[in-house]
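Visitor: Just passing along the structure, written as structure tokens.
Structure representation (structure tokens):
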């Protein structure tokens, strides 16, 4: 698939999804509940999970977008529920360069909007669902439970000074990769895919999700980009236990180790110290390690696609995976 | 059904439900997520919704408790999700005489525990569900959406001085009665009830729920009962727009009206003024009106049961409805 064809296809998916979301939210009352939801759902977002679901349904059984659009929307509503509640818990002010929901409105409204999006997600999931109903619902609710467990572990990590790389990988599996894996699996299940490709698509999503999160950690080292509301070094400032920090703690010796240990003990650093800490990261080569690990996960993801018959949709999934490695937001 | 048989049956239901809930939550990890959930789920609760679901399934198609236990548990998990998040939004410190979750732990944990309970509820709903799967899931997710809309309206009411009785009745339908109605309807649907009794059971639950909420408003006038963590006059102190207050505002004239208008404008009163305001309520007879309205709803509920064949379960539902009028907590 040519990159121009891929871009066109991705844009087409996003356009259809956004139109469907706008229509779904139109005219719902009361405004005190749905205006904030409309605001948040229209504040950008890459629609990665629903696109993966649609492309998986296409690659599984040549399903058209319209045949799984409600399940795809369910995944996006679920994702936005997690963002809204995570933003409250993380005291985040910005997302995609827009105010977070609890900042623009208040915490109560943000709790309620998240709750309602989760209920709407289940309703949408069930709409026009014709195949493997029981499996689809179980996969979906299990993925929500797994995300909650992941978020809980992430919060535990904030107060622990002894997080191992294996703990981190388990946490990001739960918090990020499980839901991406569920998107692909539900795409397969709801399009009545042959049994033998359900697991490969689910595994494809899991590896894709792991790469996606590690790339996210790497983005902290990129330059400021106010467009996306991501502050250079914000993970460092908050002392987040990212792939970079945990790798650096493993490799560092002497003064570098002292410095990083202090960062962990103080639960972060001052913004002025960001540059110095990134120098440690570069000296220890942990950015390179993260990049390598991310590429490794994408290769594992791609190898799962060998179980699928050749198709335009499979080509799309290959391109989509490679794009993750180039993502800048 | 003799009252002693009724009490034994109700106790038996509660015992089975509590045992099932304890087993469901046993050994789940991480503790940072599941310890608070175990604490809250074991802090009491009357298990009204799951009992209604089980009894409805019995009255519909002679189903045994075990055949719909997972759907009943789903309803109780859902109910507890709403309590945990409502307590955050209402800044409530106590529930059933125990600390609320965000007070015992913190707001973040309470948000996450509620989210997880909602996901667990959907998972349980889907377990061993054999009949009318699509309808059951729709009824369940619609009821969650309706509850969120009801809570949103309830919060709107806090900042509005012009709430009509019809607004109030619509709000309590959404916030309380819809989920009780869904419990009865899901009991009918999941036990494969004849089509002609699904609506009567759903309506029975709606009327039951309306009576239940108005009785709850009346309980504010009862004496202090620290066992249940309900403070005498707490609705008055917080200026809540209850059935009592809205009825009193309609009927009051002269100095009484002035006093009540001031209460609304100030969003509540000092604890020392509770007695005086209850005297106004009694003078205007609004406690009697609330009682009458509640009895009227129960009678409407009971008349729906005429569509059901006679059975021990139907007898139980009749007794259960009458007990609501005598409830003290």
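Residue numbers (my numbering), protein chains in the order written: chain A, 35 to 363; chain B, 35 to 363. All residues carry an ideal CB built from backbone N, CA and C; glycine is no exception. Values in this document were obtained by computation on a predicted structure and should not be read as measured data.
1. Quick one: what does DSSP say residue 80 of chain B is sitting in, helix, strand or coil?
2. What whole-angstrom Cβ distance do residue 303 of chain A and residue 270 of chain A have, given they're in contact under 8 Å?
3. Just how far apart, CA to CA, sit residue 354 of chain A and residue 42 of chain A?
4. Quick check: the segment 213-228 of chain B against the segment 87-99 of chain B, are there 3 or more CB pairs under 8 Å?
5. Work out the CA separation of residue 48 of chain B and residue 146 of chain B for me, nearest whole Å.
6. Beta-carbon within less than 8 Å of residue 59 of chain B's beta-carbon, same chain only, minus the 5 sequence neighbours each way: which residues are those?
7. According to the neighbour-count rule (16 or more other Cβ atoms, all chains shown, within 10 Å of its Cβ), is residue 188 of chain B buried or exposed?
8. Please state whether the Cβ-Cβ distance between residue 207 of chain B and residue 240 of chain B is less than 9 Å.
9. Can you give me the Cβ contacts of residue 297 of chain A inside the same chain, cut-off strictly under 8 Å, excluding the 5 residues immediately before and after it?
10. Could you tell me whether the Cβ atoms of residue 321 of chain B and residue 252 of chain B are closer together than 9 Å?
11. Sorted by chain position, which residues of the same chain lie with C-beta nearer than 7 Å to residue 352 of chain B's C-beta, five sequence neighbours on each side aside?
12. Enumerate in chain order the residues of its own chain whose CB-to-CB distance from residue 263 of chain B is below 8 Å, with the five nearest sequence positions on each side excluded.
13. Among the candidates A/197, A/89, A/148, whose CA atom is the shortest distance from the CA of residue 118 of chain A?
14. Which residue comes first and which comes last in the alpha helix (DSSP H) that contains residue 176 of chain B?
15. Judging by CA-CA distance, which residue of A/153, A/134, A/205, A/361 is the nearest neighbour of residue 107 of chain A?
16. Are the C-beta of residue 127 of chain A and some C-beta of chain B separated by less than 9 Å?
17. From which residue to which residue does the alpha helix (DSSP H) around residue 47 of chain A run?
18. In the DSSP assignment, what are the bridge partners of residue 128 of chain A?
19. Excluding the 5 residues preceding and the 5 following residue 78 of chain A in the sequence, name in chain order all residues of the same chain whose CB lies nearer than 6 Å to its CB.
20. Please decide whether residue 292 of chain B counts as near chain A, where near means a Cβ-Cβ distance under 9 Å.
21. Give the DSSP-derived three-state secondary structure of residue 34 of chain A in the structure shown.
22. Expressed to the nearest angstrom, what Euclidean distance is found between the alpha-carbon atoms of residue 63 of chain A and residue 248 of chain B?
23. Are residue 121 of chain B and residue 135 of chain B close, meaning C-beta to C-beta below 9 Å?
24. Under the rule that 16 or more other beta-carbon atoms within 10 Å means buried, what is residue 105 of chain A, buried or exposed?
25. Give a yes or no on whether 9 Å exceeds the smallest Cβ distance from residue 198 of chain B to chain A.
26. Taking residue 46 of chain B as the reference, which of B/180, B/84, B/200 has the closest Cα?
27. Might you give, ordered along the chain, the residues of its own chain that have their beta carbon closer than 6 Å to the beta carbon of residue 25 of chain A, omitting 5 neighbours on each side?
28. Compare the Cα-Cα distances from residue 235 of chain B to each of B/91, B/174, B/198, B/66 and report the closest residue.
29. Sorted by chain position, which residues of the same chain lie with C-beta nearer than 8 Å to residue 364 of chain A's C-beta, five sequence neighbours on each side aside?
30. Output needed for residue 334 of chain A: all residues of its chain with C-beta closer than 6 Å, excluding positions within five of it in sequence on either side, in chain order.
Guide: The answer reads as follows:
1. coil
2. That pair is a contact at about 6 Å.
3. 12 Å
4. Yes, since at least three Cβ pairs between the segment 213-228 of chain B and the segment 87-99 of chain B fall closer than 8 Å, the two stretches touch.
5. Residue 146 of chain B and residue 48 of chain B have their C-alpha atoms some 26 Å from each other.
6. 68, 71, 72, 75
7. buried
8. yes
9. 270, 273, 279, 303, 311
10. yes
11. 336, 339
12. Reliability of the predicted coordinates at residue 263 of chain B is poor, the pLDDT of 49 falling under 50, and no value is obtained from them.
13. A/148
14. That run of the alpha helix (DSSP H) goes 167-192.
15. A/153
16. Not closer than 9 Å to any Cβ of chain B, the Cβ of residue 127 of chain A fails to qualify, so no.
17. 37-59
18. The beta-bridge partner set that DSSP reports for residue 128 of chain A consists of A/133.
19. 130
20. No, because no Cβ of chain A sits closer than 9 Å to the Cβ of residue 292 of chain B.
21. Because residue 34 of chain A is not part of the residues shown, which for chain A are 35 to 363, the question remains open.
22. 25 Å
23. Their beta carbons are under 9 Å apart, which means residue 121 of chain B touches residue 135 of chain B by this criterion.
24. A residue is called buried once 16 or more other Cβ atoms fall within 10 Å of its Cβ, and residue 105 of chain A is buried on that count.
25. no
26. B/84
27. Residue 25 of chain A cannot be examined here, being either before or after the span of chain A that is shown, 35 to 363.
28. B/91
29. Look at the range of chain A in this structure, 35 to 363, and you will see that residue 364 of chain A is not part of it.
30. Only 241 meet the Cβ criterion.
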